[in-house]
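Counting along the sequence shown from 1, when you hit position 280 you're at 295 in our numbering, and nothing is skipped either side. All C-beta atoms, glycine included, are put in the ideal place defined by N, C-alpha and C. To start, the structure under review is shown below, and the notes come after it.
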Amino acid sequence: MVIRYFKCFFAVTITIILSGCWSQINFDQITVVSAIGLDLNEDKKLQVSVQLVNPTLPVAAGGATQQRRAVAVYSATGNTIHEAIEVIKKHSKKDLFFSQTRVILLSEKLARNGLKDIVDYFWREPNQNFNSWVLVSDISAINTLSNSKELLSVSADEWKAYLKDKTNITARGGIELYEFLSRLDQSSYEAVAPGLLPYSTNSNQMIMEIGQLAVFNGYKMSGWLSSDESRIVNWLSHSTKTGVIQVKIMKDEYIDFDLKNIHIKMTPQFQNGQLIMKTQMKCDAHIKTSTKELDLSSKKISHTIETKLNQYLEKEIKKTLHKIFVSYQSDVVGFGEVVHRSYPDKWKSLGAKWESEMKSIKITVSTEAHLTKSGLLIDGIIKKDDRND
Numbered sequence: 016m017v018i019r020y021f022k023c024f025f026a027v028t029i030t031i032i033l034s035g036c037w038s039q040i041n042f043d044q045i046t047v048v049s050a051i052g053l054d055l056n057e058d059k060k061l062q063v064s065v066q067l068v069n070p071t072l073p074v075a076a077g078g079a080t081q082q083r084r085a086v087a088v089y090s091a092t093g094n095t096i097h098e099a100i101e102v103i104k105k106h107s108k109k110d111l112f113f114s115q116t117r118v119i120l121l122s123e124k125l126a127r128n129g130l131k132d133i134v135d136y137f138w139r140e141p142n143q144n145f146n147s148w149v150l151v152s153d154i155s156a157i158n159t160l161s162n163s164k165e166l167l168s169v170s171a172d173e174w175k176a177y178l179k180d181k182t183n184i185t186a187r188g189g190i191e192l193y194e195f196l197s198r199l200d201q202s203s204y205e206a207v208a209p210g211l212l213p214y215s216t217n218s219n220q221m222i223m224e225i226g227q228l229a230v231f232n233g234y235k236m237s238g239w240l241s242s243d244e245s246r247i248v249n250w251l252s253h254s255t256k257t258g259v260i261q262v263k264i265m266k267d268e269y270i271d272f273d274l275k276n277i278h279i280k281m282t283p284q285f286q287n288g289q290l291i292m293k294t295q296m297k298c299d300a301h302i303k304t305s306t307k308e309l310d311l312s313s314k315k316i317s318h319t320i321e322t323k324l325n326q327y328l329e330k331e332i333k334k335t336l337h338k339i340f341v342s343y344q345s346d347v348v349g350f351g352e353v354v355h356r357s358y359p360d361k362w363k364s365l366g367a368k369w370e371s372e373m374k375s376i377k378i379t380v381s382t383e384a385h386l387t388k389s390g391l392l393i394d395g396i397i398k399k400d401d402r403n404d
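This is the structure:
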């Protein structure tokens with residue numbers, strides 16, 4: 016009898032305990048945030064915009080789908096990101112899901128003003144996606160999120176796919192949130208982020224282009240690098256080992272090269288107290304196209320082309336390093352990290368004044384680019400006697 020009462024008591028207790036779920040999640044009230052945009056408005060208050068994904072509706076009878084927007088953009092202002100997001104939740108009547116956020120979009124105005132007061136949110140938010148890609152737009156983030164025209168219905172998906180493509184990353188410089196946040200606080204290897212710039216505007220829809228790089232000095236943006244300069248920074252920081260460039264060989268003669276197997280070595284040296292940055296580059300060069308006929312069977316012509324190519328690479332690398340070290344006073348290629356590893360004792364004094372020390376670095380560049388492929392058409396391999404047959 017006692018056992019029977021115990022069983023009944025146990026069954027009733029279990030029924031009460033399992034009668035409900037206190038942490039129930041209503042999926043109808045959750046929406047995915049595909050992108051977060053951060054701006055400074057006219058009153059210099061923080062403006063937060065979120066691009067929310069509308070779930071795909073089921074196919075109706077007859078195969079037709081119901082028409083509705085793929086995304087919706089909501090925006091609010093506040094003293095902090097968290098405050099603005101709480102307002103957006105009230106406007107959208109949804110709980111926001113950040114774990115699948117693809118892109119963090121910063122406006123140039125906000126980036127130049129400084130990010131130190133806002134990055135705390137990303138470190139503390141437990142549901143943040145640290146694999147989100149960081150982009151900088153030279154127009155307002157809300158304008159970009161609302162009006163960008165892409166092949167995919169969710170523009171953030173298009174930007175993520177472009178930056179994540181490892182087969183053609185020659186001038187993209189994609190950086191994920193976890194790395195971007197860490198490098199903002201480093202002087203020996205500072206942050207860069209790809210620019211998302213309007214290429215053309217038509218009927219309130221903008222075609223966006225990713226190519227330039229935004230250079231940061233600490234928590235503030237210093238300026239832009241062109242697509243060619245961005246490509247070189249990606250080589251020097253070992254982000255990519257390929258690249259396509261165009262070189263002027265002679266007057267009205269241009270050759271497009273596809274560079275493969277790029278290897279970069281940066282070596283710090285001290286000479287009479289002067290820090291020298293010795294940069295070496297080796298690569299294979301494939302000719303993609305030329306505006307003039309080339310007789311590559313001639314060693315003299317091949318040597319001339321290689322010489323012009325190496326001279327171009329040396330000049331452009333020096334120019335880019337001078338721009339980031341002197342003009343922007345930012346080490347976005349990680350040369351400070353190389354100095355730290357090679358001379359840990361000297362870095363103790365150099366690290367504290369690295370920003371000012373960069374201006375006085377002596378830069379030497381040497382390149383070894385070798386022609387390995389010239390395509391299927393090689394003028395000059397046919398003998399003159401053969402042409403008369």
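Subject >> Those residues which DSSP pairs with P213 across a bridge >> reply: Taking the first residue of the sequence shown as position 1, residue 213 is located at position 198. In DSSP, P213 forms a bridge with M223.
Original post:
Considering only residues of the segment 336-393, which uninterrupted beta strand (DSSP E) runs meet the minimum length of 3 residues and lie entirely inside it, listed in chain order?
Top reply: 377-388, all fully within the segment 336-393.
Subject >> Short Cβ contact (8 Å threshold) for L121 with W148 >> reply: Translated into positions along the sequence shown, residue 121 becomes position 106. Translated into positions along the sequence shown, residue 148 becomes position 133. Contact flag unset, no.
Subject >> Buried/exposed call for N406, threshold 16 Cβ in 10 Å >> reply: Nothing can be reported for residue 406: it is not among the residues displayed for the chain, which extend from 16 to 404.
Original post:
Using a threshold of 7 Å, is the CB atom of N287 nearer than that to any non-hydrogen atom of the ligand ZN?
Top reply: Among the components modelled here there is no ligand, and therefore nothing to report on the ligand ZN.
Original post:
Does the pairing of the segment 151-162 with the segment 206-216 give three or more beta-carbon distances under 8 Å?
Top reply: These segments touch.
**OP:** With DSSP as the reference, label N183 as helix, strand or coil.
**Re:** Position 168 of the sequence shown, counting from 1, holds the residue named residue 183. Model confidence at N183 stands at a pLDDT of 49, short of 50, so the residue's coordinates are unreliable; what they give is reported in the following sentence. Coil at N183, not helix or strand.
Subject >> Classification of Y269 by the beta-carbon crowding that lies within 10 angstroms, buried from 16 upward >> reply: Reading the sequence shown from its first residue, position 254 is the one you call residue 269. Exposure of Y269 is indicated by the presence of fewer than 16 other C-beta atoms within 10 angstroms of its C-beta.
Original post:
Taking the C-alpha atoms as reference points, what is the distance between S163 and S312?
Top reply: Position 148 of the sequence shown, counted from the start, is the residue given in the question as residue 163. Position 297 of the sequence shown, counted from the start, is the residue given in the question as residue 312. Roughly 49 Å between the two C-alpha positions.
**OP:** Could you check the C-alpha separation between D54 and I103 for me, to the nearest Å?
**Re:** On the sequence shown, residue 54 is found 39 positions in, with the first residue counted as 1. On the sequence shown, residue 103 is found 88 positions in, with the first residue counted as 1. Looking at the two C-alpha atoms, the distance is approximately 15 Å.
Subject >> Three-state secondary structure (DSSP) of N276 >> reply: Locating residue 276 in the sequence shown gives position 261, counting from the first residue. Correct three-state label for N276: strand.
Subject >> Three-way DSSP call (helix, strand, coil) for I396 in this model >> reply: The residue you call residue 396 lines up with position 381 of the sequence shown. Its pLDDT being 42, under 50, I396 is placed unreliably by the model, and the measurement read from it follows with that caveat. I396 carries a coil assignment under DSSP once its states are collapsed to helix, strand and coil.
Original post:
Which of the three DSSP states, helix, strand or coil, is assigned to Q66?
Top reply: Taking the first residue of the sequence shown as position 1, residue 66 is located at position 51. Correct three-state label for Q66: strand.
Original post:
Helix, strand or coil: which one does DSSP assign to D135?
Top reply: Residue 135 sits at position 120 when you count from the first residue of the sequence shown. Per DSSP, reduced to three states, the secondary structure at D135 is helical.
Original post:
By the 10 Å Cβ neighbour count, where 16 or more other Cβ atoms means buried, how is V341 classified, buried or exposed?
Top reply: Along the sequence shown, read from residue 1 onward, the residue named residue 341 stands at position 326. Within a 10 Å sphere around the beta-carbon of V341 sit fewer than 16 other beta-carbons, which makes this residue exposed.
Subject >> Residues of its chain near T46, where Cβ-Cβ distance is below 6 Å and the 5 sequence neighbours each way are ignored >> reply: Along the sequence shown, one-based indexing puts residue 46 at 31. For T46, where only same-chain residues beyond five positions count, the Cβ hits under 6 Å are L67, K109.
**OP:** May I ask which residues mark the beginning and end of the alpha helix (DSSP H) holding I96?
**Re:** Against the sequence shown, residue 96 aligns to sequence position 81. Counted as a single uninterrupted DSSP element, the alpha helix (DSSP H) harbouring I96 occupies residues 96-107.
Original post:
Do you know how far the Cα of L130 is from the Cα of H301?
Top reply: Position 286 of the sequence shown, counted from the first residue, corresponds to residue 301. Position 115 of the sequence shown, counted from the first residue, corresponds to residue 130. Their backbone Cα atoms lie some 42 Å apart in a straight line.
Subject >> Pick from Q115, T319, V230 that is closest to L386, judged by C-alpha positions >> reply: Counted from its first residue, the sequence shown places residue 386 at position 371. With distances taken between Cα atoms, L386 lies closest to T319.
Subject >> Distance CB(V63)-CB(I119) smaller than 8 Å >> reply: Taking the sequence shown and counting its residues from 1, the one referred to as residue 63 is at position 48. Taking the sequence shown and counting its residues from 1, the one referred to as residue 119 is at position 104. No.
Original post:
Going along the chain, which residues of its own chain have a beta-carbon closer than 6 Å to the beta-carbon of I291, five neighbours each way excluded?
Top reply: Within the sequence shown, residue 291 is the residue found at index 276, counting from 1. Annotation for I291: Q284, K377 place their beta carbon closer than 6 Å to its own, counting only its chain and skipping 5 residues before and after.
**OP:** Assign T382 to one of two classes, buried (16 or more other C-beta atoms within 10 Å of its C-beta) or exposed (fewer than that).
**Re:** Taking the sequence shown and counting its residues from 1, one reaches residue 382 at position 367. Buried.
Original post:
Can you give the Cα-Cα distance for K314 and D271, rounded to whole angstroms?
Top reply: For this step, residue 314 is matched to residue 299 along the sequence shown. For this step, residue 271 is matched to residue 256 along the sequence shown. In a straight line, the C-alpha of K314 is about 19 Å away from that of D271.
Subject >> Range of the contiguous alpha helix (DSSP H) that encloses K124 >> reply: Position 109 of the sequence shown, counted from the first residue, corresponds to residue 124. If you look at K124, you'll find it in the alpha helix (DSSP H) that goes 123-128.
Subject >> Of the residues K235, K275, A229, the one placed nearest W250, counting alpha carbons only >> reply: Counted from its first residue, the sequence shown places residue 250 at position 235. Checked all of K235, K275, A229; the closest Cα to W250 is K275.
Original post:
Would DSSP call Y327 helix, strand or coil?
Top reply: The count along the sequence shown starts at 1 and reaches residue 327 at position 312. Under the three-state reduction of DSSP, Y327 is assigned to helix.
Original post:
Exposed or buried, what is Q227 when buried is set at 16 or more other beta-carbons lying within 10 Å of its beta-carbon?
Top reply: As a working note, residue 227 is residue 212 in the sequence shown. By the neighbour-count rule (16 or more Cβ atoms within 10 Å), Q227 is buried.
Subject >> Residue interval of the alpha helix (DSSP H) (run including T159) >> reply: For the purposes of this step, residue 159 is identified with residue 144 of the sequence shown, where counting begins at 1. Counting along the chain, the alpha helix (DSSP H) containing T159 begins and ends at 156-162.
**OP:** Look at the alpha carbon of M296 and the alpha carbon of K338, and state the distance between them as a whole number of angstroms.
**Re:** Position 281 of the sequence shown, counted from the start, is the residue given in the question as residue 296. Position 323 of the sequence shown, counted from the start, is the residue given in the question as residue 338. Roughly 19 Å between the two C-alpha positions.
**OP:** Kindly indicate which residue of F195, V48, D310, T306 has the alpha-carbon position closest to the one of F112.
**Re:** As a working note, residue 112 is residue 97 in the sequence shown. In terms of CA proximity to F112, V48 leads the group F195, V48, D310, T306.
Original post:
The beta strand (DSSP E) with D267 in it runs from where to where?
Top reply: The residue given as residue 267 occupies position 252 in the sequence shown. No beta strand (DSSP E) holds D267; DSSP gives it neither H nor E.
Subject >> Proximity to K374 [Cα-Cα], best of L125, H355, F350 >> reply: On the sequence shown, position 359 is the one that residue 374 refers to. The shortest C-alpha separation from K374 is found at F350.
Original post:
DSSP beta-bridge partners for N56?
Top reply: Here residue 56 corresponds to residue number 41 of the sequence shown, with the count starting at 1. Looking at the DSSP assignment, N56 forms no beta bridge with any residue, so it has no partner.
Original post:
Based on the DSSP output, what are the partners of G238 in its beta bridges?
Top reply: Residue mapping note: residue 238 aligns to position 223 of the sequence shown, counting from 1. Residue pairing by DSSP puts G238 in a beta bridge opposite V230.
Original post:
Is the beta carbon of T92 less than 8 Å from the beta carbon of K59?
Top reply: To locate residue 92, count along the sequence shown from 1; it is residue 77. To locate residue 59, count along the sequence shown from 1; it is residue 44. Inclusion of T92 and K59 in the CB contact set at 8 Å is not warranted, their separation being larger than that value.
Subject >> Through-space distance from V262 to T322, alpha-carbon basis >> reply: Here the question's residue 322 lines up with position 307 in the sequence shown. Here the question's residue 262 lines up with position 247 in the sequence shown. Distance from the CA of T322 to the CA of V262, rounded to the nearest whole angstrom, comes to 11 Å.
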